[in-house]
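When you line the sequence shown up against our numbering, it's residues 53 to 476, in that order.
Using N, Cα and C, we set each Cβ at its ideal position, and we do this for glycine too.
Below is one structure, written out as structure tokens, with a few remarks after it.
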Amino acid sequence: MAQATSPPNTSESNPYLQMRARLDLASKLLQLDPGVYDILSTPFQELTVSVPVKMDNGSLRVFTGYRVQHSIARGPAKGGIRYSPEVSLDEVRALSAWMTWKCAVVNVPFGGGKGGIICDPRRMSQGELERMTRRYTANILDIIGPERDVPAPDMNTGERTMAWLMDTYSMHTRATTTAIVTGKPVGLGGSLGRREATGLGVAFTAREALKHLGMPDQGCSVVVQGSGNVGGLAAQFLHEMGHKIVAMSDMYGGIHCEAGLDIPAVLQWLKDKGRLEGFPGSIAVENAALLTLPCDVLVPAATENQITSTNAEDIKAKVIVEGANGPTSAAADAILERRGVFVAPDILANAGGVTVSYFEWVQNRMGYFWEKQDVFDRMERIMVDSFRDVVQAAEKYQTSARIAAYCLSVERVAYCLTMRGIYA
Ligand code: NAD
């Protein structure tokens with residue numbers, strides 16, 4: 053198993069280099085054509101826009117926004133838009149490439165894209181966020197569209213943001229175009245089940261990983277980092293499956309209860325108070341310490357670069373199911389692999405979201421909507437089949453589940469590139 057994942061010499065804090073390190077390992081195993089490798093290691097298109105916004109106090113501020121399309125070989129670019137002070141071009145590049153690999157792992161007909169604006173949304177009013185979203189949309193209008201690039205929510209954006217984006221695009225094109233974004237409000241063409249999809253997909257992946265490893269299907273101890281759309285719902289579904297969530301966190305810190313947290317009560321507390329801190333019957337735990345708590349399953353569902361060469365030796369979980377994008381560095385991969393920790397990689401584990409986004413796009417184009425259980429059942433089939441495909445690829449290439457997932461997706465994207473040929 054070890055030969056494919058020797059520690060790469062890259063900066064752990066640069067997500068794009070982390071993505072490239074995995075692509076390099078998979079390309080070597082696949083004996084990928086060097087020209088195809090060059091195409092896949094370079095984003096297809098990048099747009100940087102300046103976004104002027106009239107602030108509520110009458111001043112004018114200029115924000116920087118990005119939209120990167122890593123690949124359109126398998127279909128329109130697909131991927132979220134993130135609002136955060138930490139957004140950078142390399143982060144957006146990495147996230148857009150991860151979308152390419154993710155869509156290919158679950159075999160939905162999309163390429164990969166991602167967007168972001170450098171801003172602190174917690175310090176902005178709804179009006180300021182709306183004006184920023186609309187101007188950003190107008191500035192990237194030429195490269196997006198239902199057949200070109202379909203945005204979605206990511207950190208600090210949600211269905212309200214998607215509704216503004218959809219309306220701005222529709223005003224410009226003079227036609228209500230619901231298929232321009234996914235993750236919209238259900239009343240505005242969103243899909244039932246999209247809100248729950250990523251967290252539920254994470255829970256399905258955890259279930260399949262436990263089955264694969266011969267571990268119990270109930271009663272496992274679980275630690276979840278992050279309690280937003282992904283972490284909160286993953287905790288809820290794993291709790292409903294009969295597992296014991298012993299710790300959870302948000303950006304302010306974590307809560308720990310060895311006997312198991314009452315997850316519905318935790319989520320209600322979070323809704324009421326805006327943070328987990330102080331949940332009755334729990335003790336406080338810092339985010340760094342939370343990751344190394346004793347548990348069977350660890351679900352990092354907050355942000356990138358949480359499990360690195362600094363803490364990978366101390367991780368006690370037997371299974372890591374990556375809800376977040378890029379939570380583990382390439383150097384940490386090698387340490388975890390040596391220590392026998394099974395990692396269900398991000399591009400597989402959190403793909404339930406983009407799978408249901410694909411269903412949303414299909415429903416918008418059909419103008420016909422499915423019931424929630426139908427959405428969940430179709431997504432479950434795709435997640436189970438994809439887990440099986442990744443495990444089979446791991447056996448075929450004698451590598452980790454992460455590099456196997458890359459092998460599977462790189463092979464699928466390379467096939468489309470090769471069949472389409474180079475337009476000259
Ligand atoms: P969110 O904004 O709803 O929640 C993020 C959570 O992480 C919050 O609880 C926040 O307090 C916490 N957090 C933020 N920074 C943190 C830090 N430094 N330490 C600890 N906790 C921190 O975002 P989300 O939609 O749940 O996304 C979480 C991750 O999952 C991101 O990496 C995102 O790209 C990825 N993802 C999201 C989806 C989706 O459908 N929402 C799909 C695939 C992947």
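Excluding its 5 nearest sequence neighbours in each direction, residue 256 has C-beta neighbours in its own chain below 6 Å: 432 and 435, listed in chain order. In this model, residue 113 and residue 214 are separated by some 22 Å (Cα to Cα).
The shortest CA-to-CA distance from residue 368 to any of 354, 388 and 375 is the one to 388. Between residue 283 and residue 353, the gap from beta carbon to beta carbon is short of 9 Å.
Excluding sequence positions up to five before and after residue 294, its CB lies within less than 6 Å of the CB of 270, all in the same chain and listed in chain order. Annotation: the continuous beta strand (DSSP E) that includes residue 132 extends over 129-136. For residue 340, the enclosing alpha helix (DSSP H) starts and ends at 339-343. Beta-bridge annotation (DSSP): residue 105 is paired with 113. Straight-line spacing of the CA atoms in residue 310 and residue 304 works out to 20 Å. Check the Cα spacing between residue 211 and each of 242, 183 and 391: the tightest is with 242. Relative to the ligand NAD, even the nearest heavy atom lies 8 Å or more away from the CB of residue 273. Secondary structure of residue 303 (DSSP, three-state): coil. Taking the CA atoms as reference points, residue 156 sits about 18 Å from residue 449.
In its chain, beyond the 5 residues on either side, 186, 189 and 190 have a beta carbon closer than 7 Å to the beta carbon of residue 220.
The beta carbon of residue 301 sits closer than 8 Å to at least one heavy atom of the ligand NAD. Taken from the Cβ of residue 207, at least one heavy atom of the ligand NAD lies inside 8 Å. Burial is judged here by how many other beta carbons sit within 10 angstroms of a residue's own beta carbon; residue 334 has at least 16 and is buried. Secondary structure note for residue 271: it is in no alpha helix (DSSP H), with a DSSP letter that is neither H nor E. For residue 327, the three-state secondary structure derived from DSSP is coil. Rounded to the nearest angstrom, the gap between the Cα atoms of residue 276 and residue 444 is 27 Å. Distance from the Cα of residue 118 is smallest, within the candidate group 124, 195, 177 and 153, for 195. Judged by the Cβ position, residue 279 qualifies as a neighbour of the ligand NAD at the 8 Å threshold, a heavy atom of the ligand being closer than this.
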